[in-house]
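S.K.: Quick one: this structure, given as structure tokens, is what I'll be asking you about.
So this is what it looks like as structure tokens:
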């Protein structure tokens, strides 16, 4: 029975397992028998790897058991027999998100405006930066701002301190809003598929530094931006969202940077939205975005 | 179990009914019990009207009963109890499609190239026109071309003859590829949700004649095209697909017409593709496109 | 001789007049003779109305006379003989822009972030609203916020007060950032082609109130936003910029509103950018955007 | 004085030279003094290289001297003194275009439909292929079809024969409409900036073979197509036009190929249109497209 999902207490189940017949029937029956009303269901089977994926969202108002008991029961009667990986989320849970920035403000402003206006149901307990440039913006919005200057020598040590702070603040996910430092593989390991970056090119074109310069040099007619989960290897993590904008020969590098800023804001915010709404599943180095 | 859908013998079930709990579980269980393997499932519940919609595609290689028997069984045990409207299609069935044209060739060429190259699994037994202008193109592709000149006085009579011919040729659906005549409500009644038109504007903006002139006059920065099912009322049927292209102040009406041609081809072909792949459900005056 | 336009002191000349032969030669020769170096030239002739338009931007570093004298000389020797309408701007002049809002914050945040980060070379001396809802945002950015509640009876009187305030603050142009009141023709007359509105639909489709509801009801596959100069008649002023985003049958009205917000920010900010960079000429009810 | 450019006898002048002051004034005065009426003017100065570029189109109805004499006079009095490179074209000249194909028909059909319907003012004296697969399409349209099977050993020899044939047919430009052979640098040298290719990816992402497979493997959310002039080095020539289309995780490689086909047709046809209308200037490895 459908209702306005965003105003309703729902649960979201993300599942993957080896494909076999009857999976949809088995899972949906289990929800039904526990008085859950499905409001959204999407499934996909990877035809090469023969892996089954599903996102299920259901109304839990009349659920016959508490949600954590439901999880336990699901684990016993379905997930173990079928060898599933799964996560269960309640829509009312507010994720806690840290923002990492350097000295460019456009993505930070855009995110804080979304959080502050209630567009995103998320808490931002802290902002981390390698510079103090953007501290006044954090102050405007009343958010803690922590500066960790990074040099080759201090990087390991500073990341250790950042991890302590993130743990202390119970951070669930991290958004790199034009953060100009490369995170170490060790750091990334603490937040698998939970660090979202915005890269200012249409990956895999122009990875690395100064993509707008490279795009201008190559004479492309379109520039792009790519939001992806961060993995140990630079600019190669699973892509969540991409978009593009047209450019002309008369556009200077400054024009590309200007047009690109709007694109970065848009693409990053869409990726974060999908992540927060539990729309994204990661498989190998790709994402499934059920949106 | 997933396979390459397009190379596989599948069945496609399109369902709508009043929403209630357990529908997905009930339907998928029925497929499973008859040894059908679901390869694609999409569902949607209209939250205002409380209506449930589903598109199911499943591999019928190991189906325990012939597909028509399956249909009968589904009708008895599921569709009647739940008050469903439903249609069942086998992917191997080739629809028979008539094309209506007037004197513009771009959509006709585009469609015939797709049919001829095997991109669309469809038969085109005839082309109907109110002019003989495009007859040479039909001849190039070896397709029967029938001219029915239309005037106010002859319209009813000519449409009657067209209907006889369409029936004789066992036509399933009709594509109006820039056909410049308005079909009468009577004619339309014979092919409900089976006549696809391309209108050269971003509906509901600029309905009726000469939309490129109106767009130019209004000074819009974007023009569009809209493909929709034809209903009794002009340019107001359920929209299947739309797209747009940017224009500038320096673009003359001729430029709009030129840019619009490419858009019309693209939008019409996408709409027809969705229709042929049984991706479209019509509800009230809207479409659900499961693509 | 080209340089980075944005870092250079340039002058911008916008011209329109009845077309005749030799206009480009005459105008560019005049610039050249006064030691102005053209960095950008765009011209267009309306073929139906036979009107000539030109935007010229030139480096004034070596200009042989001060810019205001240049204007006087241009008026005498070129503009009067050819019956031209023209405006002359120095790139270093910072326009003064007022923002009108009601209770939605997304466009306001977006604009203030652009101003505050220096992306736009503009001063914002005040924000006007018919509600006090967004006053805390103005405070964050240290900008005066004035509330003028509007009712049918008080509208005329309140607009008079607004005009006094705008004059006092030497405002050049006004941005309606989702301002929910309709300005009276009298008010609009004080700022011809200098009030920029954002309408949340792809005009001329869905003018007036609640366009997202109408778009949902009509079942469109694309929604849009339109930024235009305000004229006496509602939602029919000259369009500066438009853009669109795809929607699906599963998108609720809330989803349309959410997707639309990002579109509104983007389209409004592009229109304001073109206006601030003196890229826009208005002719009849259309714009020429030299970008 | 403006008229409908496409119905008017115009001349098009494409110019590049070292930038200096007064160029626009000098050139436009020369046109004016010879009774040419400018209908379109675009200019651009590359700020890094300090190079001036201009495209001028003017009505030659009242030109005081024949167009070839005009060219000679321009060379003497303007081009030599300023060290210009320039080309002069009459709009009534019909270019002669060869099409190279392999076994995919979609671009070929699209091009032939445009030529045959008069959308492009161009003659196609021959089609060249390394297979005979598409010969029936050439026959439908009454165009000579020549098969040159290519192997490593015969490539040089076959290209020599192709060049003889192209010369014999007085071919001006070549369109590679999904031609699967790599042209040798020697061959390319005969048609500098006159061979247009369509590559089925968003270059510089996914150069080389099987870009749709690579795009699927990488999990991109957008695929593209790129049309460029062919140079000695594979897939790195000056880009004329690019465009993109969205894809989803559920899109198989077959879906990418299908969506990509429409993109390839569109992007290639836009590039050829710009080339035919003399809108493109090549500088270093980039294009200026005055459209």
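Residue numbers (my numbering), protein chains in the order written: chain A, 2 to 292; chain B, 2 to 292; chain C, 2 to 292; chain D, 2 to 292. We put the beta carbon where it would ideally sit given N, CA and C, even for glycine.
1. Going by beta-carbon coordinates alone, are residue 254 of chain A and residue 214 of chain A separated by less than 9 Å?
2. Going by alpha carbons, who is nearest to residue 117 of chain A out of C:107, C:143 and C:49?
3. Kindly say whether residue 250 of chain D, judged by its beta-carbon, lies nearer than 9 Å to any beta-carbon of chain A.
4. Does any residue of chain E have a CB that is nearer than 9 Å to the CB of residue 234 of chain D?
5. Since residue 220 of chain B and residue 239 of chain C are thought to touch, with beta carbons under 8 Å apart, how far apart are those beta carbons, to the nearest angstrom?
6. Just how far apart, CA to CA, sit residue 50 of chain A and residue 86 of chain D?
7. In chain order, what residues of the same chain lie with their CB nearer than 6 Å to the CB of residue 268 of chain C, ignoring the 5 residues before and after it?
8. Considering just the uninterrupted stretch of the alpha helix (DSSP H) at residue 190 of chain A, what are its terminal residues?
9. With DSSP as the reference, identify every bridge partner of residue 65 of chain D, one or two as the case may be.
10. Tell me the DSSP bridge mates of residue 44 of chain B?
11. By alpha-carbon positions, which one of D:265, D:99, D:56 and D:121 ends up nearest to residue 24 of chain D?
12. Helix, strand or coil: which one does DSSP assign to residue 182 of chain B?
13. Under the three-state reduction of DSSP, which class applies to residue 126 of chain D: helix, strand or coil?
14. Hey, quick one: how far does the beta strand (DSSP E) through residue 90 of chain A stretch, first residue to last?
15. Mark residue 121 of chain B as exposed unless 16 or more other C-beta atoms lie within 10 angstroms of its C-beta, in which case mark it buried.
16. So does the segment 271–282 of chain D actually touch the segment 266–282 of chain B, counting three or more Cβ pairs closer than 8 Å?
17. Distance check for residue 31 of chain B and residue 212 of chain C, CA to CA, integer angstroms please.
18. On a Cα-Cα basis, can you pick out the residue from D:12, D:99, D:217 and D:261 that is closest to residue 197 of chain D?
19. Cβ closer than 9 Å: which chain D residues qualify as neighbours of residue 203 of chain A?
20. Along chain C, in chain order, which residues have C-beta atoms closer than 9 Å to that of residue 263 of chain A?
21. Would the beta-carbon of residue 300 of chain A fall within 9 Å of that of residue 19 of chain A?
22. Give the C-beta separation of residue 149 of chain D and residue 140 of chain D to the nearest angstrom, bearing in mind that I take them to be a contact with Cβ-Cβ under 8 Å.
23. Is residue 179 of chain C closer than 9 Å to residue 62 of chain C when the C-beta atoms are compared?
24. Counting along the chain, where does the alpha helix (DSSP H) carrying residue 236 of chain D start and finish?
25. Which residues does DSSP list as the beta-bridge partners of residue 228 of chain D?
26. Quick one: list the residues of chain A neighbouring residue 88 of chain D, beta-carbon separation under 7 Å, in chain order.
27. Using beta carbons (cut-off 9 Å, strictly below), is residue 259 of chain C in contact with chain A?
28. Do residue 233 of chain B and residue 224 of chain B have their C-beta atoms closer together than 9 Å?
29. With the cut-off set at 9 Å, would you say residue 123 of chain D and residue 82 of chain D are in Cβ contact?
30. Note down, in chain order, each residue of its chain lying with its Cβ closer than 8 Å to the Cβ of residue 46 of chain D, except the 5 sequence neighbours on either side.
31. Tell me, please, whether the CB atom of residue 42 of chain D is closer than 9 Å to any CB atom in chain C?
32. Let me confirm a value: residue 76 of chain D is counted as buried when at least 16 other C-beta atoms fall within 10 Å, else exposed. Which label applies?
33. On the three-state DSSP scale, how would you describe residue 288 of chain B?
34. Verify whether the separation of the beta carbon atoms of residue 29 of chain C and residue 26 of chain D is less than 9 Å.
35. Could you pull the DSSP bridge partners for residue 223 of chain B from this structure?
M.R.: Looking at the coordinates:
1. For this step, residue 254 of chain A is matched to residue 253 along the first chain. For this step, residue 214 of chain A is matched to residue 213 along the first chain. Against a cut-off of 9 Å, the Cβ pair of residue 214 of chain A and residue 254 of chain A comes out as a contact.
2. By one-based count along the first chain, residue 117 of chain A stands at place 116. If we check each option's Cα against that of residue 117 of chain A, C:107 comes out closest.
3. Here residue 250 of chain D is taken as the residue at index 249 of the fourth chain, counted from 1. Chain A contact via Cβ: present.
4. No chain E is part of this structure, whose protein chains are labelled A, B, C and D.
5. The residue you call residue 220 of chain B lines up with position 219 of the second chain. The residue you call residue 239 of chain C lines up with position 238 of the third chain. Residue 220 of chain B to residue 239 of chain C, Cβ: 6 Å. Contact.
6. Here residue 50 of chain A refers to the residue found at position 49 when the first chain is read from its first residue. Here residue 86 of chain D refers to the residue found at position 85 when the fourth chain is read from its first residue. Answer to the nearest angstrom: the Cα atoms are 57 Å apart.
7. In the third chain, counting from the first residue as 1, residue 268 of chain C sits at position 267. Within the same chain, residue 268 of chain C has close Cβ partners 226, 228, 242 and 244.
8. In the first chain, the residue the question calls residue 190 of chain A occupies position 189. Counting along the chain, the alpha helix (DSSP H) containing residue 190 of chain A begins and ends at 186–190.
9. Indexing the fourth chain from 1 puts residue 65 of chain D at position 64. DSSP output for residue 65 of chain D lists no bridge partner at all.
10. Position 43 of the second chain, counted from the start, is the residue given in the question as residue 44 of chain B. As a beta-bridge residue in DSSP terms, residue 44 of chain B pairs with B:55.
11. Residue numbering aside, residue 24 of chain D sits at position 23 when the fourth chain is read from its first letter. For residue 24 of chain D, the nearest C-alpha among the options comes from D:56.
12. The residue labelled residue 182 of chain B in the question sits at position 181 within the second chain. Three-state result, residue 182 of chain B: coil.
13. Position 125 of the fourth chain, counting from 1, holds the residue named residue 126 of chain D. Secondary structure of residue 126 of chain D (DSSP, three-state): strand.
14. Start at 1 with the first residue of the first chain, and residue 90 of chain A comes out as number 89. Its beta strand (DSSP E) spans residues 86–91.
15. Along the second chain, one-based indexing puts residue 121 of chain B at 120. When all chains shown are included, residue 121 of chain B counts as buried.
16. no
17. By 1-based counting over the third chain, the position of residue 212 of chain C is 211. By 1-based counting over the second chain, the position of residue 31 of chain B is 30. About 42 Å.
18. Taking the fourth chain and counting its residues from 1, one reaches residue 197 of chain D at position 196. It is D:99.
19. The residue labelled residue 203 of chain A in the question sits at position 202 within the first chain. Going along chain D in sequence order, the residues near residue 203 of chain A (Cβ under 9 Å) are 203, 206, 221, 223, 225 and 245.
20. Locating residue 263 of chain A in the first chain gives position 262, counting from the first residue. Neighbours of residue 263 of chain A on chain C, chain order: 266, 267, 270 and 271.
21. There is simply no residue 300 of chain A to check, as chain A begins at 2 and stops at 292 in what is shown.
22. Here residue 149 of chain D refers to the residue found at position 148 of the fourth chain. Here residue 140 of chain D refers to the residue found at position 139 of the fourth chain. Not really, about 18 Å apart at Cβ, beyond 8 Å.
23. Within the third chain, the letter at position 61 stands for residue 62 of chain C. Within the third chain, the letter at position 178 stands for residue 179 of chain C. Taking a C-beta distance under 9 Å as the contact criterion, residue 62 of chain C and residue 179 of chain C do not qualify as a contact pair.
24. What you label residue 236 of chain D is simply residue 235 of the fourth chain in a count that begins at 1. Boundaries cannot be given for residue 236 of chain D, as no alpha helix (DSSP H) includes it and DSSP labels it neither H nor E.
25. Your numbering for residue 228 of chain D matches position 227 in the fourth chain. Answer is D:199 and D:242, bridged to residue 228 of chain D.
26. To locate residue 88 of chain D, count along the fourth chain from 1; it is residue 87. The contacting residues do not exist; residue 88 of chain D stays about 18 Å from chain A at best.
27. In the third chain, residue 259 of chain C corresponds to position 258, counting from 1. Answer yes: the Cβ-Cβ gap between residue 259 of chain C and chain A drops below 9 Å somewhere.
28. For the purposes of this step, residue 233 of chain B is taken as the residue at position 232 of the second chain. For the purposes of this step, residue 224 of chain B is taken as the residue at position 223 of the second chain. Their beta carbons are not under 9 Å apart, which means residue 233 of chain B does not touch residue 224 of chain B by this criterion.
29. On the fourth chain, residue 123 of chain D is found 122 positions in, with the first residue counted as 1. On the fourth chain, residue 82 of chain D is found 81 positions in, with the first residue counted as 1. No; because the gap between Cβ atoms is not below 9 Å, this pair is not in contact.
30. Translated into the one-based positions of the fourth chain, residue 46 of chain D becomes position 45. The residues are 20, 52, 53 and 54.
31. Counted from its first residue, the fourth chain places residue 42 of chain D at position 41. Chain C contact via Cβ: present.
32. Translated into positions along the fourth chain, residue 76 of chain D becomes position 75. By the neighbour-count rule (16 or more Cβ atoms within 10 Å), residue 76 of chain D is not buried but exposed.
33. Here residue 288 of chain B refers to the residue found at position 287 of the second chain. Residue 288 of chain B: strand per DSSP, three-state reduction.
34. Mapped onto the third chain, residue 29 of chain C falls at position 28. Mapped onto the fourth chain, residue 26 of chain D falls at position 25. Yes; because the gap between Cβ atoms is below 9 Å, this pair is in contact.
35. Locating residue 223 of chain B in the second chain gives position 222, where the first residue counts as 1. Bridge partners of residue 223 of chain B: B:247.
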